[in-house]
Amino acid sequence: MIQVVDLSFSYTKNKFLENISFEVSEGEIFGFLGPSGAGKSTLQKILTGLIKTYKGRSVVNGIESKDFRNDFYENIGVDFEFPSLYEKLTGRENLEFFGSLYSKKLRNIDEMLEMVGLKNDGDKKVSEYSKGMKSRLNFIKALLHNPGILFLDEPTSGLDPNSSRDMKNIILQEKKTGKTIILTTHNMADAAELCDRVAFIVDGNIKALDSPHNLIMPKGASKISYTYLDGTEKTGECLLSHTSGDKKLQELITSNRVLSIHSSEPTLNDIFMEVTGRVLQ
Amino acid sequence: MRIINLIKGDIRFQFKYGFYLVYAVFTAVYILLIFVMPLVWRERAAAIMVFSDPAAMGLFFMGAIVLLEKSERVLNSIAVSPVKTGEYILSKVMSLLFISVVVGITIMLPTGTKSLFASVVGIAFGSAFFTLCGLIVAANISSLNQFLTTSVPIEIISFLPPIFYLFGYDSMLMLIHPGCIIISLISGNSKHLFLLSAILSMWLVVLYFIAHKYIRKMFQNAGGVSL
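Here it is as structure tokens:
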């Protein structure tokens, strides 16, 4: 669905994006992870055809990005991080207006509002919405014309845990309908849960690209940590694959003196830090 | 039809954000002012009022409209929609042209005009001309202060020669200035209507291409995501 080959772009003489290559298959959720200024925004502008002066190739749905005509956007949905809504119009009026810009058959507005828990708020002005309600309205605005490719920017940002869970379920549901989803998030737990593959972008380069599972597993084995009493409470730690070699642990188990024992895996955040030397959260 | 939906959306936006209410009040004030003036002043006063306000409202309002759209980030969504730059411009021009003509006629009718048709043509051209000027300015600014400082020189250049023209400096050379043609038409001068309309049309074409360039750039800057 998306092929990017040796893509480079610069705003000035210095290269901003350099030799970016990746592919996204139809029906895949692909995550962009990286700190602010890493080049994700610029990359998205190229993918959505807004920047045309790049070098290399960027092919979306079979069309080179620089050759997009306006009807190309009939099949693209973008959910921006910050709401892009007319504050003095109601939620429904916003959906009706933005929906009217597409020639495709729209999804049912009432069903969409109900899907994100805004069934009873559709006729309120957006200025009366909470931050989370605006995010949810913004999200369904991007889905209204049933696009084949979705760009989601921090879709769970500002949502309470229940709404965040609902949003992630909807994203997974949309994936099941065959949509290709480009997800940009700082939330590593969301990325690990939702994305089939993620790309770590730092300083205009892709530093790593794989499934969250494949990125995590080779980089750091699971560990166990345990506590025991030895005068005061003490902590021990060893790799899960080396438990038989930890004499202290053996001794504690034999004498039933283990107070607590936990296993833990490195998170995607740990791997991001290790690979890029940067912190996201 | 997307352009019709865009125009309807713009009219709804202008209504909801109180632009029409403001103009209803202004229109009432203008008519009142005209009727307290001596009879001999009325015709010129009405022409100046219609020229400087309903016709030129695009210059003032476009700054407010585009700044509101920028602050509410709706341009981001429009940039990644099938809307073409030309459709966006046309929608803004047509939506303001509609209210300009309605308000202009409401002010001109009670005072009388030599040719209502010429007046309507003048108001319509004036509205389109100043809306395009307003769009060019608004596309390049990010605050109301910037808009005011940028639009004041345009106001001076656009408004002073037409007022001089109306008060006697009515040489044919002045008709190079689009504002002079517009005020001449608004005041009901139907002489050379076709020629004057053709000159104004050329001005509009030039302004359209300049506006297209800057609005396109504005969309390119707006359409990304801030990550």
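So the protein lines, in turn, are chains C and E. For any residue, its number in our numbering is found by taking its place in the first sequence, counting from 1, and adding 5. For any residue, its number in our numbering is found by taking its place in the second sequence, counting from 1, and adding 1477. Glycine residues also receive a C-beta, built at the ideal position from the N, C-alpha and C atoms.
- Straight across, the Cα-Cα distance linking T232 of chain C with M278 of chain C is about 27 Å.
- Rounded to whole angstroms, the separation of the alpha carbons of K173 of chain C and T161 of chain C is 8 Å.
- Proximity to A213 of chain C across C:I25, C:T17 and C:Y16 peaks at C:I25, based on C-alpha coordinates.
- Identification of chain C residues near Q1491 of chain E by a Cβ-Cβ cut-off of 9 Å yields none; the smallest Cβ-Cβ distance measures about 11 Å.
- Counting the other Cβ atoms within 10 Å of the Cβ of F1512 of chain E gives fewer than 16, which makes it exposed.
- When beta bridges are read from the DSSP output, T95 of chain C appears opposite C:K130.
- Counting only Cβ-Cβ distances below 9 Å, Q1623 of chain E has no contacts in chain C at all, with the closest Cβ about 22 Å away.
- Straight through space, the alpha carbons of A1615 of chain E and V1506 of chain E are spaced by roughly 28 Å.
- Judged by DSSP in its simplified three-state form, T53 of chain C adopts coil rather than helix or strand.
- In the structure shown, C200 of chain C adopts coil according to DSSP, grouped into three states.
- Considering only C:D84, C:C200 and C:K50, the residue with the shortest C-alpha distance to D215 of chain C is C:C200.
- With contacts defined by Cβ atoms closer than 7 Å, L12 of chain C and S63 of chain C form a contacting pair.
- Under the Cβ distance rule, V9 of chain C does not count among the residues neighbouring chain E, no pair being separated by less than 7 Å.
- Listed in chain order, the non-local C-beta contacts of S1667 of chain E below 6 Å within the same chain comprise S1592 and A1595, local neighbours out to five positions each way being set aside.
- The DSSP-derived three-state label of F1644 of chain E is coil.
- Here Q8 of chain C is not near E23 of chain C, since their CB atoms are 7 Å or more apart.
- With respect to the 7 Å criterion, D84 of chain C and F144 of chain C are classified as neighbours on the basis of their beta carbons.
- For F1512 of chain E, there is no enclosing beta strand (DSSP E); the residue is found in the alpha helix (DSSP H) stretching over F1496 to V1513.
- Secondary structure of Y107 of chain C (DSSP, three-state): coil.
- R62 of chain C sits in a strand when the DSSP states are folded into three classes.
- The Cβ-Cβ distance between R1693 of chain E and T1608 of chain E does not fall below 7 Å.
- Its chain contains F37, G39, T189 and I206 as the residues whose beta carbon lies nearer than 8 Å to that of K45 of chain C, once the 5 sequence neighbours on both sides are disregarded; these appear in chain order.
- Residues of chain C whose Cβ lies closer than 8 Å to the Cβ of G1540 of chain E do not exist, since the nearest Cβ in that chain is about 18 Å away.
- Under DSSP, K228 of chain C shares a beta bridge with C:L244 and C:S269.
- The shortest CA-to-CA distance from K129 of chain C to any of C:T53, C:Y91 and C:P152 is the one to C:Y91.
- Of all residues in the region 67-87 of chain C, those with a C-beta nearer than 7 Å to a C-beta of chain E are N75, D76, Y78, E79, I81, V83, F85, E86 and F87, reading in chain order.
- Contact with chain E is absent for S260 of chain C, since none of that chain's Cβ atoms lies less than 7 Å from the residue's Cβ.
- DSSP lists C:E28 and C:V64 as the beta-bridge partner residues of Q8 of chain C.
- With respect to the C-alpha of L148 of chain C, the residue from C:E79, C:E256, C:S169 and C:V203 having the closest C-alpha is C:E79.
- Taking a Cβ-Cβ threshold of 9 Å, none of the residues of chain E is close to T161 of chain C; the smallest such distance is about 15 Å.
- In this chain, the alpha helix (DSSP H) harbouring T1583 of chain E covers T1562 to T1588.
- Only exposed fits T259 of chain C, as fewer than 16 other CB atoms lie within 10 angstroms of its CB.
- Per DSSP, reduced to three states, the secondary structure at L264 of chain C is strand.
- A contact between stretches requires three or more CB pairs, one per stretch, nearer than 8 Å, and the region 113-121 of chain C meets this requirement with the region 163-179 of chain C.
- Residues of the region 1549-1576 of chain E whose Cβ lies closer than 7 Å to any Cβ of chain C, in chain order: E1549, R1550, V1551, N1553, S1554, A1556, V1557, S1558, P1559, V1560 and K1561.
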